[in-house]
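Remarks on the structure that follows.
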Amino acid sequence: MNDNFYEFFEGVNYASEDQVREYRSIYLSYVKPILDFVEAPLAFDFGCGRGEWLEMLRELGFQTKGIDIDQGMLNSAQQKGLDVQLGDASAFLKQLPDQSVAVLSAFHVLEHLSFDKIIEFFQQSQRILIPGGVLIAETPNPENLFVITSNFYLDHTHIRPIPILQMINLARYFGYQKYSVIRLQEDKDLYNKENVTFRDLFYGVSKDYGLIAQSPGGAEGLIKAIDHPLRYETGIGIDDLLKRLDKRMESLAQKVQELSVKDDGEPKDISQSN
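Last residue of the sequence shown: 273 in numbering that gives the first Met the number 0, with the numbers rising by one and none dropped.
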């Protein structure tokens with residue numbers, strides 16, 4: 000493996016730091032309430048990259064820690080003065096004390112792991128999160144047909160996409176009773192578009208999704224404070240676009256049927272119709 004190629008790939012394909020901060024801001028409402036109930040809460044970012052998310056949390060008042068296997072990405076995080084280190088995130092997770100982390104995040108990391116490692120991540124998350132702590136896991140959305148057939152495989156370190164239902168099943172299996180899935184990075188113009196096309200179906204579904212789950216227990220006020228954002232939904236799913244496309248196809252078929260019949264019920268030459 001030529002490390003220089005992956006550094007080149009990251010430079011060409013990764014969003015800018017300002018874009019990443021904008022993307023991550025949607026998660027702030029899930030973690031801000033923790034600050035009102037936990038003194039100096041620790042946030043740990045599993046695969047922290049350049050540290051944009053950790054910097055955002057530090058600005059809010061969290062203690063932060065991160066780990067990544069890519070020194071090139073870590074250089075930027077270290078320049079920000081963040082507590083980050085080079086290493087195997089899965090191994091490091093096992094070293095964290097029980098109930099020591101208030102926010103555990105993994106942005107676009109799980110798709111790089113074998114399923115055994117993903118299982119291990121969820122298992123460790125339940126051990127290290129404080130009662131009422133928050134787990135955030137974001138990954139490419141395989142509902143998006145362009146993502147699943149092309150974009151996902153641009154990164155040769157990706158192992159396999161993770162279906163939304165599988166992520167939900169993992170959360171439920173490991174005891175997360177409160178969770179939400181939000182879809183992200185969709186074309187906002189599609190929200191109010193009725194005449195969707197097959198191109199919209201292929202490209203328009205949200206490109207990423209995030210699982211947000213709250214560890215059981217904790218202060219009643221903290222549970223209630225995070226309950227509202229957990230009910231918040233975003234994005235466009237493939238079922239939504241399929242229903243709208245079906246509706247448009249039915250409407251077009253009805254118009255063709257109407258044009259093909261004369262007023263007296265006899266067939267009409269629709270080639271003469273405008």
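Yeah, the Cβ is synthetic: ideal placement off N, Cα and C, and Gly gets one too.
Given the structure is predicted, the values throughout are model-derived calculations rather than measurements.
In the pairwise beta carbon analysis, the segment 128-145 is classified as not touching the segment 76-86: fewer than three pairs are separated by under 8 Å. If only uninterrupted alpha helix (DSSP H) runs of at least 4 residues are considered, those enclosed by the segment 23-110 are 27-30, 51-59, 70-78 and 88-92. Among the bridge pairs identified by DSSP, L128 is matched with V100. Secondary structure note for L183: its beta strand (DSSP E) is the uninterrupted segment K177 to L183.
DSSP lists F106 and G209 as the beta-bridge partner residues of E137. Going by DSSP, S250 is part of the alpha helix (DSSP H) stretching over I237 to L258. Here Y208 is not near L189, since their CB atoms are 8 Å or more apart. In this structure, V146 sits away from V30, with a CB-CB distance that is not shorter than 8 Å. The straight-line gap separating the alpha-carbon atoms of S99 and R126 is approximately 9 Å. Taken through DSSP and simplified to helix, strand or coil, A224 comes out as helix. For K116, the three-state secondary structure derived from DSSP is helix. CA-to-CA, the gap between A76 and M248 works out to about 50 Å.
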